[in-house]
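K.L.:
Here it is, the structure in full.
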Amino acid sequence: MGKRKSSARKPAPKIKQKLETQFTCLFCNHDNSVVCTLDKKNSIGLLECKKCNLSFQAPINSLSQPIDIYSDWIDACEAVAEENADVNGDNFIENDGENREQDDEYDDEF
Numbered sequence: 000m001g002k003r004k005s006s007a008r009k010p011a012p013k014i015k016q017k018l019e020t021q022f023t024c025l026f027c028n029h030d031n032s033v034v035c036t037l038d039k040k041n042s043i044g045l046l047e048c049k050k051c052n053l054s055f056q057a058p059i060n061s062l063s064q065p066i067d068i069y070s071d072w073i074d075a076c077e078a079v080a081e082e083n084a085d086v087n088g089d090n091f092i093e094n095d096g097e098n099r100e101q102d103d104e105y106d107d108e109f
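When we follow numbering that gives the first Met the number 0, the leftmost residue of the sequence shown carries the number 0, and every step to the right adds one.
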C-alpha cells in the first residue's frame, strides 16, 4: 500500500509594486511635493506642487498612471527649454568639441 498523496502548496501571490503618486518638483526641487490626480471621467491628468503652486494638465486615457503624467510634464519642460534656447541663440557652434567663445577667452592668457 502506498502513502497518501500530500496536497501541493498554493503558490505565493506575486507582490505588485505600487507606482508613486507623489513626485519631486522640477522647479522648487522639494521631494514628494507634486501630487498627481487623474480625472478619468474628463480624461485629464493634473499635477500640482504643494510648495510652489505650479500646476500642469495633460490628456489621459484609460490606461494612464500618475507616472505617465509626470513624464509628460518633464517632456513638456524640456521642449520649452529647448525652444527658448533656440530663440535666444544660446546654442554655441562647436568646433572640434570646443566652444568658440571659450577659445577667445583662453587665447589671451598665453
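Glycine included, each C-beta is placed from N, C-alpha and C at the ideal position.
Applying the 10 Å Cβ sphere with the 16-neighbour rule, what's the burial state of V33?
P.N.:
It counts as buried.
K.L.:
Between which two residues does the alpha helix (DSSP H) holding I68 run?
P.N.:
Run containing I68: P65 to N87, per the alpha helix (DSSP H) assignment.
K.L.:
For C51, tell me which candidate among E19, K17, E82 and L25 has the shortest Cα-Cα distance.
P.N.:
Answer by Cα proximity: L25.
K.L.:
Mark L46 as exposed unless 16 or more other C-beta atoms lie within 10 angstroms of its C-beta, in which case mark it buried.
P.N.:
The residue is buried, with at least 16 neighbouring Cβ atoms inside 10 Å.
K.L.:
Short of 8 Å in beta carbon distance, which residues of its chain neighbour C76, apart from the five on each side in sequence? Order them along the chain.
P.N.:
Hits under 8 Å: L25.
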